[in-house]
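Undergrad: Please find one structure pasted underneath; my questions will follow.
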Amino acid sequence: MMGRHAFRAVLYGALVAAAAALAVAVHVLSGGRLAATMILVVVAGAAASLAAWRSGKAEQQLVGDDDAMAAATSLHHQERYGTGVASVAAKSWPASGGSDCAEAEGCDVAVDGALDRFEPGERLQRLRQIADGVHGLEAVFDLDGRLLWISPSVERLTDHVPRDCLAAADPLALLVHDSDLAYCRRMMTRVAAGEGGEDFEMRLLRGDGGLLWVATHWRRVEGGVGRPDAVRLSAEDVQARKETEFKLLETVAELRRAQALREHYLSRSNDERMRLTALLNVIRLGILFMDRDQRVLYYNRAMLDIWGFAPDENLIGVRDVVLQSRVAHLLVEPEAYFRRIQEVLDERDAGAIGEIRFKDGRLVTDASALVEDGEGRRGIGRVWIYEDITEQRRIADKLVQLAERDPLTNLFNRRRFHLELERVLADAMRRGYEVGLIMFDLDGFKPINDEFGHQAGDEVLVSLSRKVGSVIRRNETFFRLGGDEFAVLVPDIRDDALPELARRIVEGVASLAFVFAGRHARLTASLGIAQFPRHAVDGDTLVAAADQAMYAAKAAGRNRWVLATGCPDAKSAGEAESARMNPPGFSARRGEED
-16 MMGRHAFRAV LYGALVAAAA ALAVAVHVLS GGRLAATMIL VVVAGAAASL
34 AAWRSGKAEQ QLVGDDDAMA AATSLHHQER YGTGVASVAA KSWPASGGSD
84 CAEAEGCDVA VDGALDRFEP GERLQRLRQI ADGVHGLEAV FDLDGRLLWI
134 SPSVERLTDH VPRDCLAAAD PLALLVHDSD LAYCRRMMTR VAAGEGGEDF
184 EMRLLRGDGG LLWVATHWRR VEGGVGRPDA VRLSAEDVQA RKETEFKLLE
234 TVAELRRAQA LREHYLSRSN DERMRLTALL NVIRLGILFM DRDQRVLYYN
284 RAMLDIWGFA PDENLIGVRD VVLQSRVAHL LVEPEAYFRR IQEVLDERDA
334 GAIGEIRFKD GRLVTDASAL VEDGEGRRGI GRVWIYEDIT EQRRIADKLV
384 QLAERDPLTN LFNRRRFHLE LERVLADAMR RGYEVGLIMF DLDGFKPIND
434 EFGHQAGDEV LVSLSRKVGS VIRRNETFFR LGGDEFAVLV PDIRDDALPE
484 LARRIVEGVA SLAFVFAGRH ARLTASLGIA QFPRHAVDGD TLVAAADQAM
534 YAAKAAGRNR WVLATGCPDA KSAGEAESAR MNPPGFSARR GEED
């Protein structure tokens, strides 16, 4: 190889000498006029000679680097996958492409010579770096399709480790998507048969079930003397490009559809205008086009209905200020709505959806967009879209009510109780205030329900909800948790707030009197009180503390309240107040005094 590069340098030197002689002759014949030009020719020839010599040196170095990489691949796989696999990978095909390696007494001699300058430890480290540094996917198959070697980058690209790929009975089936597998096998067979290289794109299967698009290059590698031929696969990750292509194709298809639709409308503008007008008149959205001078250009029938105009009203050419003056009496807050319109026109609130409340209870949303001209230089007007969402909002509110309110008493239910408890406790921890919880159920409710029926029980629950609801303050929330169990959540309590509220509830329930089938019935309530953070650190323990206090009130004789135990003072105060709130001689079951 060095003899060829030396000969190439001598040849370029001779060409430079000939160019110099030609330059002298031209100088004599032309009187010096062309001397400068020929000097440039000589300089260029010298530079080319030097570059050719350096190219030979660089080519020689690259051959050595290729040999080192082949040896690196061999030793890396010998260490990671076993001696047998490494031997096949290193000796089944030439490291540097064939003939040049043969001139250096075979590929094995070239590989060994490339590695002799490194210490064994450093040599192994460099081989690992080279093998692990392959960015794309490299693989070698024998002519029968068996995988001989695959680069470690396969794990990064597909989540399959090289060991699994080499051990697979059919590595192509493991790595290639089913839709591309048959074509991949066919192309590989053609390359193995010597019909030339193949370049195509296919999808790889990732370990997590995903797909990866790669551009593949299949080439047959000549094995040289005493070595079998092989098929080499080189692949690059083109997933990002394919995704971009798909998006571009979708965009182009959408643009083509829009262009075709536009051309169709232009070709039959009159007929299409009538069809469009009919379409806009049957939809429930109100549509209003205003030109750049704020005059009405188009409106549909729904727009007239929403704004209370007669069906035969002619608004073409009417200014926006005139329209506002004619609809102002219909709106709850006309000035606020007109200010919002001006903000949209000034582009301070462009694209936002607003709500318009009418005095008759209707709720209408509006949205606006600027209509650009064909060249995009200036807007030709603005379109306003109006939608009556009164019924949708009513249904949504009804669904929320069904999900969060008790259908019998219209009180918040257990689901809403837990949501509100979590919210109030989070706010209390953030702002540092106390939260009170009162839980109670009814004494004597089951006998009424069993003796007079569920209708009587429902009447008791409705009456109790109204009575207790009348003593609940605005910042306190009343819940029915189920059956005859109720709760009151009190945020930001004062020292005497809970005892006072408990007293009002006990007295209010005790004051209720019912007559069913000519018979009198009364009932009482047993209350349990707990405070956060005095008796609990979270919602669940707070509910448990209040519930335990409620059962303590029942055990103490009912028709009373008990404060949860958390400290001696709280316990003694709760027992004293409970005894005070128990009227002597009152029978909760009979509903009358003994």
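Going left to right, the sequence shown walks through residues -16 to 577 as our numbering numbers them. The C-beta atom is built at its ideal place from N, Cα and C for all residues, glycine as well. Since this is a predicted model, take the numbers as computed values, not measurements.
Leaving out five residues on either side along the sequence, give the residues of the same chain with a beta carbon under 8 Å from the beta carbon of A241.
TA: In the sequence shown, residue 241 corresponds to position 258, counting from 1. Excluding residues within five positions, none has a Cβ falling inside 8 Å.
Undergrad: Would you kindly report the start and end of the unbroken beta strand (DSSP E) that includes Y369?
TA: Counting from 1 along the sequence shown, the entry for residue 369 is found at position 386. Start and end: 362 to 371.
Undergrad: For E417, collect the residues of the same chain with a Cβ closer than 6 Å to its Cβ; drop the 5 residues on either side in sequence, then sort them by chain order.
TA: Residue 417 sits at position 434 when you count from the first residue of the sequence shown. The answer, listed in chain order, is I476, Q514.
Undergrad: How far does the beta strand (DSSP E) with Q325 in it reach, from first residue to last?
TA: The residue given as residue 325 occupies position 342 in the sequence shown. Element bounds for Q325: not the beta strand (DSSP E) but the alpha helix (DSSP H), 317 to 328.
Undergrad: Residue ranges of each beta strand (DSSP E) run of no fewer than 3 residues wholly in the segment 391 to 434, ordered along the chain?
TA: Fully enclosed beta strand (DSSP E) runs of 3 or longer: 418 to 426.
Undergrad: Count the CB pairs spanning the segment 366 to 373 and the segment 335 to 352 that are closer than 8 Å, and state whether there are at least three.
TA: Contact holds: three or more Cβ-Cβ distances are below 8 Å.
Undergrad: Should L495 and S446 be called a contact, given that it needs their Cβ atoms to be closer than 8 Å?
TA: By 1-based counting over the sequence shown, the position of residue 495 is 512. By 1-based counting over the sequence shown, the position of residue 446 is 463. Against a cut-off of 8 Å, the Cβ pair of S446 and L495 comes out as a contact.
Undergrad: For L120 versus L107, is the C-beta distance shorter than 8 Å?
TA: On the sequence shown, position 137 is the one that residue 120 refers to. On the sequence shown, position 124 is the one that residue 107 refers to. It is not a contact, given that the beta carbons lie outside the stated cut-off.
Undergrad: What first and last residue would you give for the beta strand (DSSP E) that runs through L472?
TA: Taking the first residue of the sequence shown as position 1, residue 472 is located at position 489. It spans 468 to 474 - the beta strand (DSSP E) in which L472 sits, taken as one unbroken run.
Undergrad: Could you please give me the residues that DSSP links to V197 through a beta bridge?
TA: If you number the sequence shown from 1, residue 197 lands on position 214. Looking at the DSSP assignment, V197 forms a beta bridge with M185, D220.
Undergrad: Nearest CA to the CA of E459: which residue from V451, G465, G466?
TA: One-based indexing of the sequence shown puts residue 459 at position 476. The shortest C-alpha separation from E459 is found at V451.
Undergrad: Note down, one range per segment and in chain order, each beta strand (DSSP E) of at least 3 residues found wholly within the segment 436 to 513.
TA: Segments of the beta strand (DSSP E) lying fully in the segment 436 to 513: 460 to 465, 468 to 474, 496 to 499, 502 to 505.
Undergrad: So is the beta-carbon of I372 under 7 Å away from any non-hydrogen atom of the ligand FMN?
TA: Because no ligand of any kind appears in the structure shown, any question about the ligand FMN cannot be addressed here.
Undergrad: Go ahead and pull the three-state DSSP assignment for E233.
TA: As a first step, residue 233 must be located in the sequence shown, where it is residue number 250. E233: helix per DSSP, three-state reduction.
Undergrad: If you count every other CB in all the chains shown that lies within 10 Å of the CB of P390, and 16 or more means buried, which is it?
TA: To locate residue 390, count along the sequence shown from 1; it is residue 407. It counts as exposed.
Undergrad: Helix, strand or coil for T348? Go by DSSP, reduced to three states.
TA: Within the sequence shown, numbered from 1, the residue matching residue 348 stands at position 365. Strand at T348.
Undergrad: Give me the residue from V265, C148, D142, R388 with the minimum Cα distance to W132.
TA: For the purposes of this step, residue 132 is taken as residue 149 along the sequence shown, with counting starting at 1. When only C-alpha atoms are compared, the closest one is C148.
Undergrad: Report yes if the C-beta distance between L506 and V443 is below 8 Å; otherwise report no.
TA: Sequence index remark: in the sequence shown, residue 506 carries index 523 (1-based). Sequence index remark: in the sequence shown, residue 443 carries index 460 (1-based). Against a cut-off of 8 Å, the Cβ pair of V443 and L506 comes out as a contact.
Undergrad: Would you kindly check if the distance between the Cβ of V159 and the Cβ of L616 is under 8 Å?
TA: Because the chain in this structure spans residues -16 to 577, residue 616 falls outside the shown range and cannot be described.
Undergrad: Which runs of the beta strand (DSSP E) at least 3 residues long sit entirely within the segment 93 to 181? Give them in chain order.
TA: Runs found: 120 to 125, 130 to 133.
Undergrad: Leaving out five residues before and five after D276 in sequence, what residues of the same chain have Cβ atoms less than 7 Å from its Cβ?
TA: Taking the sequence shown and counting its residues from 1, one reaches residue 276 at position 293. Counting only Cβ-Cβ distances below 7 Å, and skipping sequence neighbours, we find nothing.
Undergrad: Going by DSSP, which residues form a beta bridge with W544?
TA: Here residue 544 is taken as the residue at index 561 of the sequence shown, counted from 1. W544 is bridged to L510.
Undergrad: What is the DSSP secondary structure of G522, counted as helix, strand or coil?
TA: As a working mapping, residue 522 is identified with position 539 in the sequence shown. In the structure shown, G522 sits in a helix (DSSP, three-state: H, G or I).
Undergrad: For L216 and L157, I'd like the C-alpha separation in whole angstroms.
TA: As a first step, residue 216 must be located in the sequence shown, where it is residue number 233. As a first step, residue 157 must be located in the sequence shown, where it is residue number 174. Whole-angstrom Cα-Cα distance: 15 Å.
Undergrad: Measure the CB-CB distance between L130 and P154 and report whether it falls below 8 Å.
TA: As a first step, residue 130 must be located in the sequence shown, where it is residue number 147. As a first step, residue 154 must be located in the sequence shown, where it is residue number 171. The answer is yes: Cβ separation under 8 Å.
Undergrad: Helix, strand or coil: how does DSSP classify Q304 here?
TA: On the sequence shown, position 321 is the one that residue 304 refers to. Inspection of the sequence shows that residue 304 is occupied by Val rather than by Gln. Helix.
Undergrad: For a test of the three-state rule: what should DSSP assign to A51, helix, strand or coil?
TA: Walking along the sequence shown from the start, residue 51 turns up at place 68. Unreliable positioning characterises A51 in this predicted model, as indicated by a pLDDT of 38, which lies under 50. The coordinate reading is nonetheless provided below. Helix.
Undergrad: Once DSSP output is grouped into helix, strand and coil, what is the label at E355?
TA: Sequence index remark: in the sequence shown, residue 355 carries index 372 (1-based). Strand.
Undergrad: In angstroms, rounded to a whole number, what distance separates the CA positions of D142 and L262?
TA: Here residue 142 refers to the residue found at position 159 when the sequence shown is read from its first residue. Here residue 262 refers to the residue found at position 279 when the sequence shown is read from its first residue. Near 54 Å, if we compare the C-alpha coordinates of L262 and D142.
Undergrad: Using only CA atoms, which one of N297, L408, D521, D343 lies nearest to E316?
TA: In the sequence shown, counting from the first residue as 1, residue 316 sits at position 333. Of N297, L408, D521, D343, the residue nearest in Cα terms is D343.
Undergrad: Candidates R278, K429, V214, L298: which alpha carbon is nearest R284's?
TA: Locating residue 284 in the sequence shown gives position 301, where the first residue counts as 1. Considering only alpha carbons, the answer is L298.
Undergrad: Please report how far the alpha carbon of L313 lies from the alpha carbon of F292, in whole angstroms.
TA: Translated into the one-based positions of the sequence shown, residue 313 becomes position 330. Translated into the one-based positions of the sequence shown, residue 292 becomes position 309. One C-alpha to the other measures close to 11 Å.
Undergrad: In whole angstroms, give me the CA-to-CA distance for E330 and F321.
TA: The residue given as residue 330 occupies position 347 in the sequence shown. The residue given as residue 321 occupies position 338 in the sequence shown. Approximately 14 Å, taken between the alpha carbons.
Undergrad: From what residue to what residue does the alpha helix (DSSP H) around D288 run?
TA: In the sequence shown, the residue the question calls residue 288 occupies position 305. It spans 284 to 289 - the alpha helix (DSSP H) in which D288 sits, taken as one unbroken run.
Undergrad: Ordered along the chain, which non-local residues of its own chain (more than five positions away) have a Cβ less than 7 Å from that of A528?
TA: Residue mapping note: residue 528 aligns to position 545 of the sequence shown, counting from 1. Here the set comprises A513, H518, A519, A547.
Undergrad: Taking only runs of the beta strand (DSSP E) that begin and end inside the segment 248 to 282, which ones reach a length of at least 3 residues, in chain order?
TA: Those beta strand (DSSP E) runs which fall completely within the segment 248 to 282 and span 3+ residues are 269 to 274, 279 to 282.
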